[in-house]
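Participant: In our numbering, the protein residues as written are 6 to 149.
Cβ coordinates follow ideal geometry from the N, Cα and C atoms, glycine included.
Bear in mind the structure is a predicted one, so any value in this text is a computation, not a measurement.
Handing you a structure now.
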Ligand SMILES: [Zn+2]
């Protein structure tokens, strides 16, 4: 079982059955089922985030890379919109370390205020510049 407490690097890939060797180090990838936090977004704005569980992640046994099967993800999430791309409109934020949730809080819904944040974010998430970078560009200058 891969250690999910370490921050990993997400690599999106389209493949039918197996992703082949690790794109970074050539190591062996191992398919494992985990709960993930996934967000949809428009441009840089996160619209919604939710928890999905699936085996679309392939973990490298030699380096902290996880290869995400985009076609599987798209299928799972039921996005039929043509042109939707994983990584631009759908973003996997990271892996949920559900075991880190104390016993007495496990009944709480994910995202509730009392629930500890157990999301182990992908470390290359910022490459894609999502979330919290709110643009306060007030387009008031409509003086036409
Ligand atoms: Zn690797």
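Using 8 Å as the Cβ pair cut-off and three pairs as the minimum, do the stretch 8-19 and the stretch 60-75 touch?
Facilitator: Contact holds: three or more Cβ-Cβ distances are below 8 Å.
Participant: If you follow the beta strand (DSSP E) that residue 36 is part of, which residue opens it and which one closes it?
Facilitator: Numbered from its first residue, the chain shown carries residue 36 at position 31. Residue 36 -> beta strand (DSSP E) spans 34-47.
Participant: So what does residue 124 bridge to, in DSSP terms?
Facilitator: Along the chain shown, one-based indexing puts residue 124 at 119. DSSP output for residue 124 lists 101 as bridge partner(s).
Participant: Please look up how many angstroms separate the CB atoms of residue 26 and residue 32, rounded, as I've assumed it's under 8 Å.
Facilitator: Against the chain shown, residue 26 aligns to sequence position 21. Against the chain shown, residue 32 aligns to sequence position 27. With 8 Å as the limit, residue 26 and residue 32 qualify as a contact, their Cβ atoms being about 7 Å apart.
Participant: Can you grab the Cα-Cα spacing for the pair residue 46 / residue 82, in whole Å?
Facilitator: As a first step, residue 46 is located in the chain shown; it is residue number 41 there, counting from the start. As a first step, residue 82 is located in the chain shown; it is residue number 77 there, counting from the start. Between residue 46 and residue 82, the C-alpha separation is close to 14 Å.
Participant: Would you mind stating whether residue 39 and residue 11 have Cβ atoms separated by less than 8 Å?
Facilitator: Locating residue 39 in the chain shown gives position 34, counting from the first residue. Locating residue 11 in the chain shown gives position 6, counting from the first residue. No, the pair does not count as a contact, with Cβ atoms beyond the cut-off.
Participant: Using 10 angstroms around the beta-carbon of residue 79, count the other beta-carbons present and answer buried if the total reaches 16, otherwise exposed.
Facilitator: Counting from 1 along the chain shown, the entry for residue 79 is found at position 74. Buried, because 16 or more other Cβ atoms sit within 10 Å of the Cβ of residue 79.
Participant: Indicate the three-state DSSP secondary structure (helix, strand or coil) for residue 74 in the structure shown.
Facilitator: Here residue 74 refers to the residue found at position 69 when the chain shown is read from its first residue. Strand.
Participant: Is there at least one non-hydrogen atom of ligand 1 closer than 7 Å to the beta-carbon of residue 150?
Facilitator: Coverage of the chain is limited to positions 6 through 149, which leaves residue 150 absent and any answer about it impossible.
Participant: Answer yes or no: do residue 41 and residue 120 have a C-beta to C-beta separation smaller than 8 Å?
Facilitator: Residue 41 sits at position 36 when you count from the first residue of the chain shown. Residue 120 sits at position 115 when you count from the first residue of the chain shown. Cβ distance not < 8 Å, so residue 41 and residue 120 don't count as in contact.
Participant: Counting by C-beta, which residues lie closer than 6 Å to a heavy atom of ligand 1, in chain order?
Facilitator: That gives 27, 29, 30, 32, 65, 67, 68 and 70.
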